[in-house]
Structures are given as structure tokens and as C-alpha cells.
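Data block below; observations after.
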Amino acid sequence: MKKNAFAPAKKWVNSYFKYLIVTKITLILTVVFSSQLFANSFGQNVTVKFEKIELKKALKVLEEKSSYRFVYKDDVLLKWPKVNLSVENVPLTTVLDKLFENTTLRYQRVGNTLLVLSNVSADHPVLRDVPQTITVKGKITGTVGDPLHGVTIMEKGSTNGTSSNAEGNFSIDVTNEKAILVFSYVGYKSQEIAVAGKSVIDVVMVEDAESLQDIVVVGYGTVKKKDVTGSIISLQAKDFNRGINVAPDQLIQGKTPGVMVINNTGQPGGSTTVRIRGNSSIRASNNPLFVLDGIPLSGGSARPGGSGGFGSDSGNPLAYLNPSDIASMDILKDASATAIYGSRGANGVVIINTKRGVSGAPTISVMTSAGISNLLRKPEVLSADQFREATKFYTPDDAASADHGGDVNAFDAITRTAFTQNHSVAIGGGTDRGRYRLSLGYLNQDGIIKGSNLQKFTANINTNFKFLQSKKLGLDVNLFFTQTNEKIAAIDVGVGFEGNLISQALNWNPTRPLRDNDGALTWVSSNVISPLATLDAFKDRAAVNTIIANIAPSYKITDYLEYKLTYSLTRQTGLRTGMYDRLLINPTSTEKGFAFMGSNSNTDHQLTHTLSFNKDVAEFMNLNAVAGYEYLSYDSRWYTENGNGFTNVGLDFYDYLGYSVASARNINSNRSPKNELQSLFLRVGLNYRDKYLLTGTVRRDGSTKFGVNNKYANFPSLAFAWNLSNESFLKNDFFSVLKLRLGWGKTGNSEFPSGASRNRYVFGMQSISQANFGNPDLKWETSATLNGGLDFGILDNRITGSIDVFHKATTDALFERTIAQPAPSGKIWVNLDGEVVNKGVEILLSGAIIQSNNWGWSITGNATFLKNSVTGLPGFYETATLRGQGFSGVVGQRMVSDQPLNVWYLSIFEGIDPATGTSKYRSKDGHAGTDVDPAQNKFYVNSPNPKMLLGFSTDVSFKRLTATVNFNGAFGHYLFNNTMATVLGINNLSGKNISPEYFKPELKELVSNSAAPSTRYLEKGDYMKLANATISYRVGNIGKAFRNVNISLTGQNIFVLTKYNGFDPEVNTDGASGGIPSLGIEYIPYPSARNILLGVNFSL
């Protein structure tokens, strides 16, 4: 007999269905017979009129009039007689009791289902409710009716919870009618609402302005703002500057006391100068440490520098980040806050926190803007008519030949109204066990100089998960991908005087046409170059790719103890290619073309272990602590190659390297010794009764940079705070916050070249030479800071603010010194004697002037008063290279005792001698005259360091309309107008244009009067700038697709109030000499732009 091949499977299927039936019956019986015997009414009233109607039909009617469904067997109902009943607006339970009266039928509620049971004795109580869930639904909106996505809804006293979806809707099953629901959402006040039998609950959430600022991110953890003991400022996304912001540092300009941000150039993606509480180091870096989601950034950029006349500016090292991805920034200013970062915290720390996903259904957020940019301001030059008048007055013999009959503005010829577009799309969501956020960004910014451009593509993925039933195991993953592509204008100071577009446009004779009648570029001479020729001749491109990967598993050992491991990898590669055709610039040149290619790569690793503790160790006493170990490594390498002497035949950069003359090719490469840092750190905080706060920190760093005798150093700090507002003697309605802070700490600075403490050699073309002499005793540069502060809030925080007073002293300054010959090496790194002192006062004040349903008005202002000085420094050290005609090898600043850092060291200009038309200078004995040699008679005059920084912002709102205005300014410092000195001076006439400042018929200056580095070109740098102004309208929802629509119009760099005659008082052309940084020089920079942007934000 042949067996059925499917018989075993059939047998298994039958068994499985039997199992399901038995399981279902068992479940129903368990629910029924373990139920409560009594319960309240179901909370629904009905009106019915039954006349001789079957029970089955009666229950169908009740289903239609209520939200309940009846389950029964037909034969159970058919044996009972028809019923008569007429009631109006009575509870459903009453109707059922009357229908089943004089029967053995009873009913049992299971959620929204009513089971009709038979053969229950008449004297048995009615079975109504079982301990099953009750479904509650509803919608959550903001005060203007906009749906809120991601609101957390929890049943109080349990772990039962859910969140609202993109439409603000939610549904949750609660245990019974007495349940209480807790609604919470970031930025809104939490609410508790009793279910009380309701199946639909709609909630309107009220904004809580303070909740977003309750938590402050500090090193390797977070603290509540009320528990902060150091000098820390937190900024949320709503506080950031609007407009075209390429990097995060531009978001905080003018927003916080003690922080100065200068845009060094108007080039898209160009570098900035960031200083927290002034300059502290003579030779090492003064830039703060930036920390991205727990990853300490190296501060370097992989964009290669140029060679052979191309600029060396490496751009903004933070340009790979998308500002739209940033949720908040915390600025740590004093040593008690930064000591946890040890050797990298001397210049302050800026912690960047990116946006995270929220629980709930996926939500898509879109931010898009487009706008135009044009020239903010430029130095004045003579018009065509003024030029003719000037040449007739100063050089009458050349006036006729200098007049070419035209009226040309060469600066207009190289500038344009530029277009910018910026788009960001993000999608996020998740559950209580895992959240995610993915964002994409695209920026395309044309520069106002023709041909310059920045394109940036960004992607960010971050996730966080909770595993195990207890959710004690966590995993955070964060990935950043960025590519930037730049077209760089021929403006950097490295291009040289004759190759710089700015100098050529300013100097162009306004009567000379830029093109001849046939459209060909006008050729003048090798000393007078057409700026249009430079636009055509120079090509400079740079591309940088950045990948940051961060993975951080964690395990909550107990409710108060958590372990976390963080590993991150940062990889940057940069490629720069450039070429120029000398024959386009100068047809008589014999050098022909030049091309170069440079490549950089940076690789950083981080491995951090932390153990965090937070527990109430005694009554009214909380102890929080974090201990950790960290290993960091930084590896950098680069190479450049260039070729010279070729004829332009339409090839690409790479081809010219081989096409160039063999004897004119060069290759240079370098690999910096790997920089490694390992550390142990501990921070302990005590909170007693929320009144007395104590924080102690210590970090021990070891670095391969330092000498073998000083590889390790300790960086301690101690801070105390007293919450006076929590004292019984100050409990009143006036002070909502009143806290005193006092802190001291030591931090270090190790930002100098790797391998500087060791013997280093340079390999050349079949040669080797020693570049650096080792120093085994080289030790850490350290800064000790004492900080006192007062935080206050008045009238329920309608007025808030803080005042900080600080004193920061830096010793053992790192410095590269030249060794007198015949030493075996020309350079050696040493620690200098002496001290750099920064001290000052910071004030922050905010006020909510109007708070009503329709109107709102708030004002925030900050001020910083700074004083900088150097003491005990042996000798002096010079920097601040001044460039241009007649300024070869000239520097203008010194580091010297009893003076501010970077004090100006110049001759003092005493005016023009009317008899001779030449300059008068002051001698060291007080005499002023034309016979005084300015090179031999120099004085310490003024400082480039601002004495006062100001920031001001105000927000005015009416219903859905909001206007925001931001100002920032700096005062008490002096800038050297190098552009005025060597580009627009009188000695350029008559072949080139000059500044109207030199055209003074009442005091005729000789055209041959040469410029000298003097106070003639030293100008007050005081300014106040309207940095941002935004008008936005909150549209709300448009249909079902577009949610939270907001339209805005933003102006950036709108105007500046200043007496400075240069391009922009917010300027800092790099004039470093011997590696010593400079400050306050303007030399033919890329001009600043005024931007107007229209933006639309919405969610889907």
C-alpha cells in the first residue's frame, strides 16, 4: 500500500488547529472567571425604544449606539421572549440590566467587548468588568493647534506608555478607568490627566521656556543647570545666528560673553578666529577645543595649503558639519569646567550636540532657503573725474598720458550678486527601545568674487537603542559623511601683491577701459595687471572628504552606576589643484605656466571608558561622579608636487605636472610623528539640600609630544556654589534664582607640532639636514584660572543673568627658539619664563518684557571687559608680517613684558611737513621731524586685543509673527590697515588709483613720499554690526501633508557702524611670523558679503 507523503504534515496541521482552539477557550474562561464581580458604569448613556423586539436585534441596536461589541451564541438568545423597553439618556449598564432581568443571562466586559453569558443564576451578581485594558485615544496639539509628534504618554505608576504620531494622534490601553495619564514633551510642561471613564482625551501642551535649558552638557556627562558650579553658557538652536552659516562657530558669534568670533575672510568656507577670554599663548594655538557628541576634534583641516604663489589658508576646520544638524552648544570657559579635558582645555571648550530622533512614527523635517549676497563695503578709491583732478594736481606732466578717457569701476567687474541655496532633509522616529535620525544636507554658495564657490554635501545618521527586558544595555551609533568642493579666488595673501585680485581692482586706473574695442583684455605692463586677466589665468580647486564614525555601547549596572565605552574614528582626505597661465597675466613673461597638486590626510582615533555614578548617598545628599580612561591618536601626512615653465595648451592640472620642464618640477612630502595622548580622569560632585554644591576634578595626561622627562602632567580643579535662593532667609517671590560660584583650576596646552621635543631631520634632493634639536625637558604649558560668578533670576525668571569675574595666568609658554650658530640645529622648542595674564568681567542679562497670549518681547545682552598683559618675559619676540611695496621683511607686533600680547610696535606718524610734503615721525627723545628714521624709532602703541565685546538680541512676537534682531561689536582695539598703507598710498599715482584720504590739495604730499609701518595706518577698530535680522511667520498646517510650516526672511551682515576705513573691522589677515600668531591686520582680504535669504521650514 502506498503511503500518502503529506500525511505527517496533515496530522501536524490538525494538531495545531486543535491547539489554537483549546488555547482560545482557555483564555476566554480565564478572563471571565478571574474577573471582578462589580464595576462602575461603562461611562456611555443611550436612548432606546424597544417594542416586542428580539434580544439579538436589541443588542445590534445597542452596538450602533455605543462603542461596544457584543459576543454571544445565537441559540442562547433565541429561547428568551421579545422585550419591551423605553429609556432616555441612561447608562448602558442600566439598559442591559433591564433587558436581562428575569433571565439567566449576564454580561461581562473585556475591553470594548461585552460577552453575553448564559445559565448564570438570577441571584448571582452581574459580571461587568475584568482587569483588562481600556483604550484611550486622542490628539495632542500645541497652543496654536499644531499637532505635536513624539509626545510621550505614560500611565502613571507603570511602565505602560506610547507616543503621538506625526498627526499628534495617540492610542493607549490603560489598566482601568481610574488610571492617570502623564503627557511629557521636550520644551513643554508635563501634564497629568485622569482617564475617569473617558475613551477620548485631547490635550493642548503648553510651552515651557525653561525646560530646554535645564540640562547642561559638560565633559563626559550632563548636569542640571541648577547644579552647575563652573562658568558655562548653553545655547539652544533657537538662539543661534541665522543666515549663511557654513560652520558651527559662526552660530555663536556675539551670543555669549567672553567669546570672540572673527570671520577672517569672506571666501565661502573661509577660516575664522575663535577666542574664549582672550589670547593666552605666545606660540601655541589659542583656539578652543571643539567636542562633537563626545568626540574631541583635532582642530585641523585636511584642505592642503597652496604653493608657488597660491594661498596657504586651510579654510574653516569645522566646515564639514551641517549647522542644521546642531541642537545645542555648551561653552565651557573657566578651568573648573574645562579641567576634565586637561591639556586641551586651556583655551576653553565648545561642546556641540547634534539633533536626535524622538519616539514615535517617522517624521520628515525639511529646511530650505535661497538668497543673494552682495558686497558689504570696501575702501573708497578715486572716481574717474577725481583721478583726473588728482593727476593734474600731483603729477601734471603725466596727467595727459594717464587719462584714457573712460569711466571704469574695476571692483564691480570682479564682483557679482551671488546666489546661495541651502537644503536639509531629516527623518526621525523610534520607540522607547530605539530611536533614529537621518539627515541630508546640500549647500551651494557662490562667492561675491566671480568664480569663487563652495559646495557641501552632508549626511548624518545617529541611532540609540536599548536592549534586554530591563533596557539596561544601550548602544549609540553616530555617523557623519561630508564632501566639500571649493573654487578659491586668487585673493589669499600668498598670491602676492601683483597677483591679488583685490589689489589689482583697487589700483586700476578708473579712466582706462578693461577691454579694448575688440573685446581683448587690456595689457598695460608687468606691474599693472588687469584683474580680469587674473580671473582668467588662475584656477584653484579644493575637495575635502570627511568621515566620522562613533559607536558607544553602555550598560546600566545598577540604577545609579553605568559603564560606557566610546570609540570614534575621524578620517579626512583633501586634494587641492591649482594652475595659472603667466602669459595671460603678462604676455612678455618667459616663465610661462605653473601648476601644483597637494594632498593631505588626517586620521584620528578615540577610545574612552567611563564609569558614571549618581545616587542619593544620604538624606538630602546627592553624589555624582565619573571616572574614566581615554586614549587619543592623531596621524597626519601630506605631499605636494608642482611643475613650471609650460605653455598652456588646454590640459588639466595633472597633465601639466608631467608636461612641465623636468628641471622645474618639485615634490615635497611630510608625515608628522603620530601624536598620542592617554589620560585618567575623575570628577566628583556633591549636592547638599540643593543649596551647597561642590565639584572636584583631576586629570592626568600623558603625551608623546613632550620630552621624555615631562611626558605626564596633572590638571586639577575645585569649584563651589551656593544656591542662596534655596535658603529660608531668601525664600521670597523676588529671587527665583540666586547662586554664588567660586572655582579654581589648572589646564594645559599641547597644541604645537608633533615631534617638537625630539631631533628631527629633513630629507631633500639627495640631502639630509637637521631641522629641530631635541629637548627632553620640554614640559606642558599650563594656565591657572580663578573664577567667581553670580547667577540670578528675578520675578519667576522674568529677568535672568550672570556676572563672572576671572583671572587667568599662563606659564611655561611653549616656544620655538632659534639657536645661535654653529649649533647642530637651527631650532629648538623650549618653555619660556614669564606669564601671560588675561583678566576681565563678563555680564549676561536677559529679560522677558512682555508675556501674553498674543504678544511677546524679550531682550538679551552680553558684555565682556578684557585686559591682557605679559610679565616676566625675557627679551621680546616679533610677529605680524606687514606686506606690500616698501614693506619687505617688516613686522609690526611684539611679545614683550609689561605690554599686552601682540602689542603694536610702530613708528609714530606726526603728519605731513607742508614745506617738504614728506612724512614726519617722532624720535625716541620726543623730537618730531622729517629727519627721523622711522625704522630706528619705534614705540609700543596700542593693542589689537579688544577691551570690550558686546552682543545684543531682541525678539518680538505677535500671534504667529516673530521678528528677531542680533547685534555684535568690539571696542578698544586698533587695526593696521595694510591695504591703505601699501596698495592705496600716494606713491601709486599716476599709473594706479589711490584712496581719497591722500588727495588733499590743502596739504600737498609728495608722490615720492614712501610709506612706513607707522601709526598713520593704525586705526581704531571699534564697530557695532547688525549681524542678523529675521522676520518669520508660523503658518501652521497646510492640508494633511504639510505640518508646522514656517516662512522666514533673514538679513545677515546688514550694516556696520564704524570709523574704520578698510573693508571690514571684523578682519584678521594672517600675519604670523616664525609661527607666532598675529592679530588685527587687514591686507587686501576677500570682502565680506551682505546676505538676504528666504527660508521655508516644514514637516511631513
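Under this note's numbering, the first residue of the sequence shown carries the number 73, and numbering increases by one thereafter. Every residue, glycine too, gets a C-beta built ideally from N, C-alpha and C.
Rounding to the nearest angstrom, what Cα-Cα distance links E1154 and A736 in this structure? Here residue 1154 refers to the residue found at position 1082 of the sequence shown. Here residue 736 refers to the residue found at position 664 of the sequence shown. Pairing E1154 with A736, the inter-Cα distance amounts to about 34 Å.
Taking only three categories from DSSP, how would you classify V1168? Indexing the sequence shown from 1 puts residue 1168 at position 1096. V1168 sits in a strand when the DSSP states are folded into three classes.
Cut-off 7 Å between Cβ atoms - residues of its own chain near Y977, not counting five sequence neighbours on either side: For the purposes of this step, residue 977 is taken as residue 905 along the sequence shown, with counting starting at 1. If we look at Y977 and ignore the five residues flanking it on each side, its Cβ neighbours are G964, Q965, R966, K1010 and Y1012.
For the alpha helix (DSSP H) that contains K327, what are its first and last residues? As a working note, residue 327 is residue 255 in the sequence shown. Per DSSP, K327 belongs to no alpha helix (DSSP H) and is neither H nor E.
Report the residue ranges of all alpha helix (DSSP H) runs contained in full by the segment 344-414; include only those spanning at least 4 residues, in chain order. You should have 407-410.
Is DSSP giving K310 helix, strand or coil here? Translated into the one-based positions of the sequence shown, residue 310 becomes position 238. In the structure shown, K310 adopts helical secondary structure according to DSSP, grouped into three states.
Quick one: Cα of G961 to Cα of F382, how far? Residue numbering aside, residue 961 sits at position 889 when the sequence shown is read from its first letter. Residue numbering aside, residue 382 sits at position 310 when the sequence shown is read from its first letter. If you take the alpha carbons of G961 and F382, they lie about 20 Å apart.
By DSSP, does R1106 sit in helix, in strand, or in coil? Walking along the sequence shown from the start, residue 1106 turns up at place 1034. Judged by DSSP in its simplified three-state form, R1106 adopts strand.
Compute the Euclidean distance between the alpha carbons of V198 and Y179, then round it to the nearest angstrom. For this step, residue 198 is matched to residue 126 along the sequence shown. For this step, residue 179 is matched to residue 107 along the sequence shown. A caution first: V198 carries a pLDDT of 47, below 50, which makes its placement in the model unreliable, though a value can still be read off. Going by the C-alpha atoms only, they are around 7 Å apart.
Under 9 Å between C-beta atoms of G779 and L749: Position 707 of the sequence shown, counted from the first residue, corresponds to residue 779. Position 677 of the sequence shown, counted from the first residue, corresponds to residue 749. No, these two residues do not count as a Cβ contact at 9 Å.
Quick one: what's got a C-beta closer than 6 Å to A1035's C-beta in the same chain, skipping five residues either side? The count along the sequence shown starts at 1 and reaches residue 1035 at position 963. Counting only Cβ-Cβ distances below 6 Å, and skipping sequence neighbours, we find V1028 and I1103.
Count the CB pairs spanning the segment 1068-1082 and the segment 995-1010 that are closer than 8 Å, and state whether there are at least three. For the pair of segments examined, the segment 1068-1082 was found not to touch the segment 995-1010: the number of CB pairs separated by less than 8 Å stays below three.
Sheet register partners of M277 (DSSP bridge): Along the sequence shown, one-based indexing puts residue 277 at 205. Answer is none; M277 lacks a bridge partner.
Are the beta-carbon atoms of N1169 and N1118 separated by less than 9 Å? Your numbering for residue 1169 matches position 1097 in the sequence shown. Your numbering for residue 1118 matches position 1046 in the sequence shown. It is a contact, given that the beta carbons lie within the stated cut-off.
Tell me whether the beta-carbon of A793 lies closer than 9 Å to the beta-carbon of K777. Translated into the one-based positions of the sequence shown, residue 793 becomes position 721. Translated into the one-based positions of the sequence shown, residue 777 becomes position 705. No, Cβ-Cβ distance for A793 and K777 is not below 9 Å.
State buried or exposed for S396, treating a residue as buried only when at least 16 other CB atoms are found within 10 Å of its CB. For the purposes of this step, residue 396 is taken as residue 324 along the sequence shown, with counting starting at 1. So S396 counts as buried.
Cβ-based burial, I840 [other Cβ within 10 Å; buried from 16]: Against the sequence shown, residue 840 aligns to sequence position 768. Looking at its Cβ environment, which holds fewer than 16 other Cβ atoms inside 10 Å, I840 is exposed.
Sorted by chain position, which residues of the same chain lie with C-beta nearer than 7 Å to T943's C-beta, five sequence neighbours on each side aside? Along the sequence shown, one-based indexing puts residue 943 at 871. Residues G906, E907, V909, S969 and D970 of the same chain have their beta carbon placed closer than 7 Å to that of T943, with the five preceding and five following residues left out of the count.
Please state the DSSP three-state secondary structure of E1077. Within the sequence shown, numbered from 1, the residue matching residue 1077 stands at position 1005. Here E1077 sits in coil by DSSP.
Over what stretch of residues does the beta strand (DSSP E) that includes D676 continue unbroken? What you label residue 676 is simply residue 604 of the sequence shown in a count that begins at 1. Counting along the chain, the unbroken beta strand (DSSP E) around D676 starts and ends at G665 to A690.
Just checking I921 against the ligand MN - is the residue's beta carbon closer than 8 Å to any of the ligand's heavy atoms? As for the ligand MN, it is missing from this structure, which has no ligand bound.
Which same chain residues end up closer than 6 Å to N686 when comparing Cβ atoms and leaving out the 5 residues on each side of it in sequence? Taking the first residue of the sequence shown as 1, we reach residue 686 at position 614. Within the same chain, N686 has close Cβ partners Y632 and N696.
Spatial neighbours of A1113 in its chain, beta-carbon cut-off 7 Å, leaving aside the 5 residues before and after: Here the question's residue 1113 lines up with position 1041 in the sequence shown. Cβ-Cβ distances below 7 Å link A1113 to L1172 in the same chain, with the five nearest sequence neighbours on each side left out; the list follows chain order.
First through last residue of the alpha helix (DSSP H) which encompasses I657: Residue 657 sits at position 585 when you count from the first residue of the sequence shown. Looking at the DSSP string, the run of the alpha helix (DSSP H) that includes I657 is R654 to I657.
Tell me whether the segment 516-524 and the segment 331-346 touch, counting them as touching only if at least three CB pairs, one residue from each stretch, are closer than 8 Å. Under the three-pair Cβ rule at 8 Å, the segment 516-524 counts as touching the segment 331-346.
Burial state of S1160 (16 or more Cβ within 10 Å): Start at 1 with the first residue of the sequence shown, and residue 1160 comes out as number 1088. Burial call: buried.
Given that a residue counts as buried once 16 or more other Cβ atoms are within 10 Å of its Cβ, and exposed if not, what is G1111? Taking the sequence shown and counting its residues from 1, one reaches residue 1111 at position 1039. Exposed, by the Cβ-count rule.
Alpha helix (DSSP H) containing F959: first to last residue? What you label residue 959 is simply residue 887 of the sequence shown in a count that begins at 1. No alpha helix (DSSP H) holds F959; DSSP gives it neither H nor E.
Can you say whether V733 is buried or exposed, counting buried as having 16 or more other CB atoms within 10 angstroms of its CB? Taking the first residue of the sequence shown as 1, we reach residue 733 at position 661. Looking at its Cβ environment, which holds fewer than 16 other Cβ atoms inside 10 Å, V733 is exposed.
First through last residue of the alpha helix (DSSP H) which encompasses V148: Here residue 148 refers to the residue found at position 76 when the sequence shown is read from its first residue. Where V148 is concerned, the enclosing alpha helix (DSSP H) stretches over D146 to L150.
Which whole-angstrom value describes the C-beta separation of T224 and G233, a residue pair presumed to lie in contact below a C-beta threshold of 8 Å? For this step, residue 224 is matched to residue 152 along the sequence shown. For this step, residue 233 is matched to residue 161 along the sequence shown. Cβ-Cβ separation between T224 and G233: approximately 6 Å, consistent with a contact (criterion under 8 Å).
Delimiting residues of the beta strand (DSSP E) encompassing I533: As a working mapping, residue 533 is identified with position 461 in the sequence shown. It spans N525 to F539 - the beta strand (DSSP E) in which I533 sits, taken as one unbroken run.
Going by other Cβ atoms of all chains shown within 10 Å of its Cβ, with 16 needed for buried, is L101 buried or exposed? The residue you call residue 101 lines up with position 29 of the sequence shown. Below a pLDDT of 50, predicted positions are generally treated as unreliable, and L101, at 35, falls in that range; no measurement from the model is reported.
Count the CB pairs spanning the segment 486-498 and the segment 466-477 that are closer than 8 Å, and state whether there are at least three. At 8 Å Cβ cutoff, the stretches do not touch.
Going straight from the alpha carbon of V275 to that of L540, what length do you get? In the sequence shown, counting from the first residue as 1, residue 275 sits at position 203. In the sequence shown, counting from the first residue as 1, residue 540 sits at position 468. Each residue's CA atom was taken as its position, placing V275 and L540 some 33 Å apart.
Look up A1000 in the DSSP assignment and say whether it is helix, strand or coil. For the purposes of this step, residue 1000 is identified with residue 928 of the sequence shown, where counting begins at 1. Strand at A1000.
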